[in-house]
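Numbering (the working numbering), first residue to last: 392 to 722.
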């Protein structure tokens with residue numbers, strides 16, 4: 392049904408990739424997405440020593456024989472020290488994972504240009520998640536294999552250029568020759584079809600995979616995403632140079648209040664602490680931690696299995712194109 396540079400590059404059925412999620416992109420969910428025909432994601436920052444990180448990759452391989460990607464996020468963090476990045480790169484090369492998703496600073500600058508060469512020699516495809524044309528051009532020049540074009544709709548940490556997916560995808564697709572994958576606002580077959588029409592070779596989504604049966608998160612969280620709408624997320628953190636998008640809740644309201652009063656990183660960090668977020672995912676308390684989800688939650692209406700979700704998205708995308716054909720014929 393689908394033949395894009397992404398499906399051909401990785402030999403996958405659907406051009407649908409799971410985005411990085413701290414605490415959530417674990418072997419079970421990763422394997423479920425890959426087994427369903429997409430590409431799952433192992434988020435490296437969930438593990439902070441070589442043995443456990445390598446074990447997670449090998450555990451995933453025990454659950455699927457399909458390709459999956461590994462995220463390495465290079466942003467200011469109190470949990471992940473800079474010395475871990477070279478280890479993540481080395482282990483991914485040694486384990487010959489299918490691809491790496493780099494978020495934040497380019498890996499060639501954070502780890503060194505040799506990192507790109509090491510990964511290429513190991514057959515690891517290297518993608519950089521960016522929010523601007525200028526960053527996409529850097530990635531292409533540095534030798535990356537593809538771009539994740541992340542619009543401001545995405546959860547997590549969208550670039551503070553605040554360019555939407557609708558504009559960013561065609562701008563980057565026309566600016567680079569390497570494959571482009573749309574990120575931000577993707578949750579169903581209609582948005583998949585739209586991304587492909589805009590010039591993308593695939594889509595990446597994260598928030599939608601939280602509300603699946605295989606995601607290891609409290610059911611209260613999943614039901615909250617079903618209940619909430621597209622206007623129930625908010626941007627924060629511009630004042631400290633680390634913009635984020637989270638579900639609107641009590642802790643984010645406190646964060647924005649401190650930010651408005653000129654509070655700095657020291658006052659804000661306790662509200663963002665990693666253990667606090669992990670506890671919220673486990674207990675289902677939707678108000679006690681920033682839950683980094685995107686505007687695509689407006690398109691989440693149920694909690695299917697990953698297989699049901701991807702099969703449905705594929706059918707919806709085909710139906711969307713057939714419907715468009717009928718509309719054009721009618722004209």
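Glycine is no exception: its CB is placed at the ideal position from the N, C-alpha and C atoms.
Stretch-stretch touch, CB-based, cutoff 8 Å, three pairs: the segment 683-702 with the segment 426-445: yes
Sequence-distant residues of the same chain with beta carbon closer than 8 Å to residue 637, five excluded per side: In the chain shown, the residue the question calls residue 637 occupies position 246. Here the set comprises 546, 624, 625, 627, 643, 681, 682, 683 and 684.
Contact between the segment 651-659 and the segment 704-711 (3+ Cβ pairs under 8 Å): no
C-alpha gap between residue 550 and residue 523, whole angstroms: Numbered from its first residue, the chain shown carries residue 550 at position 159. Numbered from its first residue, the chain shown carries residue 523 at position 132. Going by the C-alpha atoms only, they are around 8 Å apart.
Residues near residue 535 by beta carbon distance below 6 Å, same chain, minus five either side: Here residue 535 refers to the residue found at position 144 of the chain shown. Counting only Cβ-Cβ distances below 6 Å, and skipping sequence neighbours, we find 517 and 519.
For residue 433, the residue or residues it bridges with in DSSP: Walking along the chain shown from the start, residue 433 turns up at place 42. Paired residues: 461.
Residues of its chain near residue 471, where Cβ-Cβ distance is below 8 Å and the 5 sequence neighbours each way are ignored: For the purposes of this step, residue 471 is taken as residue 80 along the chain shown, with counting starting at 1. Cβ neighbours of residue 471 beyond the five flanking positions: 436, 439 and 464.
Three-way DSSP call (helix, strand, coil) for residue 631 in this model: As a position in the chain shown, residue 631 is number 240, starting the count at 1. The answer is helix: DSSP assigns residue 631 an H, G or I state.
Assigned secondary structure, residue 603 (DSSP; H/G/I helix, E/B strand, else coil): As a working note, residue 603 is residue 212 in the chain shown. Coil.
Cβ neighbour criterion (16 or more within 10 Å) applied to residue 492: Here residue 492 refers to the residue found at position 101 of the chain shown. It is buried - the Cβ of residue 492 has at least 16 other Cβ atoms within 10 Å.
Secondary structure, beta strand (DSSP E): runs of 3+ residues fully inside the segment 535-592: 537-541 and 571-574
Top-ranked residue by Cα proximity to residue 660, from 539, 631, 564 and 499: Here residue 660 refers to the residue found at position 269 when the chain shown is read from its first residue. Closest option to residue 660, Cα to Cα, is 631.
Through-space distance from residue 409 to residue 538, alpha-carbon basis: Your numbering for residue 538 matches position 147 in the chain shown. Your numbering for residue 409 matches position 18 in the chain shown. Looking at the two C-alpha atoms, the distance is approximately 14 Å.
Integer Cβ distance of residue 669 from residue 414, believed to fall under 8 Å: Here residue 669 corresponds to residue number 278 of the chain shown, with the count starting at 1. Here residue 414 corresponds to residue number 23 of the chain shown, with the count starting at 1. Between residue 414 and residue 669 the Cβ distance is about 5 Å, and since that is below 8 Å, they are a contact.
Coarse secondary structure for residue 521, derived from DSSP in three states: Against the chain shown, residue 521 aligns to sequence position 130. Strand, per DSSP.
Opposing strand residues paired with residue 624 [DSSP bridges]: For this step, residue 624 is matched to residue 233 along the chain shown. Answer by DSSP bridge pairing, in chain order: 638.
Inter-residue Cα distance where the pair is residue 548 and residue 392: Numbered from 1 along the chain shown, position 157 holds the residue referred to as residue 548. Numbered from 1 along the chain shown, position 1 holds the residue referred to as residue 392. Distance between the alpha carbons of residue 548 and residue 392 is about 33 Å.
Same chain only: Cβ atoms within 7 Å of residue 619, ignoring 5 sequence neighbours per side: To locate residue 619, count along the chain shown from 1; it is residue 228. Answer for residue 619: 638 and 688, listed in chain order.
Sub-8 Å separation of residue 542 and residue 559 beta-carbons: Locating residue 542 in the chain shown gives position 151, counting from the first residue. Locating residue 559 in the chain shown gives position 168, counting from the first residue. For residue 542 and residue 559, yes; Cβs fall inside 8 Å.
Buried or exposed by the 16-neighbour rule on C-beta atoms within 10 Å, applied to residue 692: Counted from its first residue, the chain shown places residue 692 at position 301. With fewer than 16 other Cβ atoms within 10 Å, it is exposed.
Proximity winner among 486, 447, 544 and 679, relative to residue 573 (alpha-carbon distances): Position 182 of the chain shown, counted from the first residue, corresponds to residue 573. Of 486, 447, 544 and 679, the residue nearest in Cα terms is 544.
Alpha-carbon spacing of residue 457 relative to residue 420, whole angstroms: Within the chain shown, the letter at position 66 stands for residue 457. Within the chain shown, the letter at position 29 stands for residue 420. Using only the alpha carbons, I get a separation of about 13 Å.
Residues of its chain near residue 667, where Cβ-Cβ distance is below 6 Å and the 5 sequence neighbours each way are ignored: Indexing the chain shown from 1 puts residue 667 at position 276. Closer than 6 Å at the Cβ level, and outside the excluded window around residue 667, lie 680.
Cutoff 6 Å; reference residue 498; Cβ partners in own chain excluding five residues on either side: Position 107 of the chain shown, counted from the start, is the residue given in the question as residue 498. Contacts found: 506.
Cβ distance (whole Å) where residue 596 is taken to contact residue 585 below 8 Å: Residue numbering aside, residue 596 sits at position 205 when the chain shown is read from its first letter. Residue numbering aside, residue 585 sits at position 194 when the chain shown is read from its first letter. Not quite, the Cβ-Cβ distance comes to about 13 Å (not below 8 Å), so this is no contact.
At least three beta-carbon pairs within less than 8 Å, the segment 479-496 to the segment 561-570: no
Contact under 8 Å by Cβ, residue 717 with residue 592: Taking the chain shown and counting its residues from 1, the one referred to as residue 717 is at position 326. Taking the chain shown and counting its residues from 1, the one referred to as residue 592 is at position 201. No, the pair does not count as a contact, with Cβ atoms beyond the cut-off.
Continuous beta strand (DSSP E) stretch holding residue 409: start and end: Translated into positions along the chain shown, residue 409 becomes position 18. Run containing residue 409: 407-409, per the beta strand (DSSP E) assignment.
Cα-Cα separation between residue 441 and residue 720, rounded to whole angstroms: Within the chain shown, the letter at position 50 stands for residue 441. Within the chain shown, the letter at position 329 stands for residue 720. Each residue's alpha carbon lies about 57 Å from the other.
Counted within 10 angstroms of its Cβ, other Cβ atoms place residue 645 as buried (16 or more) or exposed: Counting from one through the chain shown, the residue named residue 645 turns up at place 254. It is exposed - the Cβ of residue 645 has fewer than 16 other Cβ atoms within 10 Å.
Sheet register partners of residue 490 (DSSP bridge): The residue given as residue 490 occupies position 99 in the chain shown. 460 and 516, per the DSSP bridge assignment.
For residue 594, three-class secondary structure by DSSP: What you label residue 594 is simply residue 203 of the chain shown in a count that begins at 1. Residue state, collapsed to three classes: strand.
Among 495, 500, 529 and 490, the one whose alpha carbon lies nearest that of residue 511: Within the chain shown, the letter at position 120 stands for residue 511. Residue 511 has its Cα closest to that of 490, out of 495, 500, 529 and 490.
Contiguous beta strand (DSSP E) assignments of at least 3 residues, all confined to the segment 664-706: none
Inter-residue spacing [alpha-carbon to alpha-carbon] between residue 405 and residue 705: Residue mapping note: residue 405 aligns to position 14 of the chain shown, counting from 1. Residue mapping note: residue 705 aligns to position 314 of the chain shown, counting from 1. Each residue's alpha carbon lies about 7 Å from the other.
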